[in-house]
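Residue numbers (my numbering): 55 to 471.
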């Protein structure tokens, strides 16, 4: 097995790869060179800079696995990989603590004006009255999204003696109780919060979730942190809310359109970054030694496991399984995913039980993968983490959802239902 690594991962991750395969580390490789040699590799490991697009995938005649050292797969053409039967794996849990701690760091920074005071001091201005801030103690913080990172942030902020409220219509009451968080509606959160922190995936549902209408409902002087995904906040609306004094400060680790992170200097214009009460960090959510160590080892293990034919772990896309049964079940997979996704379009109440019933000829087959597609469609719109057919059962379990399959051979009028 030959693996190429095009971006820096931890030394322990590299050692693991070299122990189990023939691994080449080429962090300075050009696009043209990569296109030329990718045909000789069974797997490629990237972070966020390398674009694994259709062209590269088509050139990868031997490619079986694409590994993303990190969570987001925006730089990977997952559809093209799926078409070619290539597994795409990632490491969504590797940076959970790092992202949570950065969120709290940004919250403290905008509460106490730390960056502004630092820069003033560098210029010889030590007038501390200019930088009088507020305490977290006794304040209300609203957490939007109570997934892995959101729940960790909530538990950490409770230690600051904050009142923690949260909005997540897709999580069961038990999860709120587990973390000592008060469950509220989005409107209640906006109206009551002194601080708001976002922990959601970017989907059609969450795109520009906080816009002009939502800012008008917020308390005057609210402070906002977004270290999740750019585009969840309407940046123009945020800019106006800051100028109008509704939002006192914002801490952002992400933007809707982000600068390049591998060049020393560049021209990058965003009106928000011109405001003195906006603190921006260049997408540092996973940038700790510990997170990079976890991610490096995890992606190495995921890629080797996938190359060995193990279809479990953090597989983002359709497993590249070739069999007569797979072909037979493929139409049902697509239907099941669509039916699962349809639920939250008509209902927003938490679910405790998902029951999938098969009748007729299909009941005689191994329908596990069809059930997983139903779960994937059901969970994807509501979870911060990526959901795949492989981790769908685990994600459902984390949400307190029981999954049951039923099979009935008898059927009238149809061959399968």
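Each residue gets a CB set at the ideal place from its N, CA and C atoms; glycine is no exception.
Computed from a predicted structure; not experimentally measured.
**Prompt:** Could you give the distance in angstroms between the alpha-carbon of residue 125 and the alpha-carbon of residue 460?
**Reply:** 34 Å
**Message:** Is it buried or exposed, residue 102, if we count other Cβ atoms within 10 angstroms and call 16 or more buried?
**Reply:** buried
**Length at least 3, wholly inside the region 418-464: the beta strand (DSSP E) runs in chain order** = 456-462
**Prompt:** Would residue 456 pass as a contact of residue 430 if the rule is Cβ separation under 9 Å?
**Reply:** no
**Request:** List the DSSP bridge partners of residue 269.
**Result:** For residue 269, which the question treats as bridged, DSSP gives no partner whatsoever.
**Message:** So, for residue 437: in the same chain, excluding its five sequence neighbours on each side, which residues have a beta-carbon less than 7 Å away from its beta-carbon?
**Reply:** 201, 255, 449
**Request:** Give me the Cα-Cα distance between residue 210 and residue 282, rounded to the nearest whole angstrom.
**Result:** 17 Å
**residue 321 - DSSP class collapsed to helix/strand/coil** = coil
**Asked** How many Å lie between residue 326 and residue 159 at the Cα?
**Response** 19 Å
**Message:** Measuring only the C-alpha atoms, how far is residue 2 from residue 134?
**Reply:** Nothing can be reported for residue 2: it is not among the residues displayed for the chain, which extend from 55 to 471.
**Asked** Mind checking whether residue 75 and residue 96 have CB atoms under 9 Å apart?
**Response** yes
**Request:** Please classify residue 183: does DSSP put it in a helix, a strand, or coil?
**Result:** helix
**Request:** Could you check the C-alpha separation between residue 405 and residue 137 for me, to the nearest Å?
**Result:** 33 Å
**Asked** For residue 241, which of 232, 227, 223 has the nearest alpha-carbon?
**Response** 223
**Request:** Please confirm whether residue 99 and residue 71 have their CB atoms less than 9 Å apart.
**Result:** yes
**Asked** Roughly how many angstroms lie between the CA atoms of residue 383 and residue 192, to the nearest whole one?
**Response** 55 Å
**Asked** At what residue ranges does the region 127-214 contain a whole run of the alpha helix (DSSP H), taking only runs of 4 or more?
**Response** 132-137, 150-166, 168-176, 202-212
**Prompt:** Of the residues 208, 139, 61, 156, which one's Cα is nearest the Cα of residue 336?
**Reply:** 156
**Prompt:** Going by the CB atoms, is the gap between residue 197 and residue 235 shorter than 9 Å?
**Reply:** yes
**Asked** How would you call residue 146, buried or exposed, if buried means at least 16 neighbouring beta carbons within 10 angstroms?
**Response** buried
**Asked** Cα separation between residue 323 and residue 317?
**Response** 15 Å
**Message:** Please list the terminal residues of the continuous alpha helix (DSSP H) segment that includes residue 293.
**Reply:** 289-297
**Message:** Taking a contact to mean a Cβ-Cβ separation below 9 Å, would you say residue 269 touches residue 306 in this structure?
**Reply:** no
**Request:** Could you pull out every unbroken beta strand (DSSP E) segment of at least 3 residues lying fully inside the region 353-415, listed in chain order?
**Result:** 407-413
**Item:** Beta-carbon proximity list for residue 329, same chain, < 6 Å, skipping 5 on both sides
**Value:** 296
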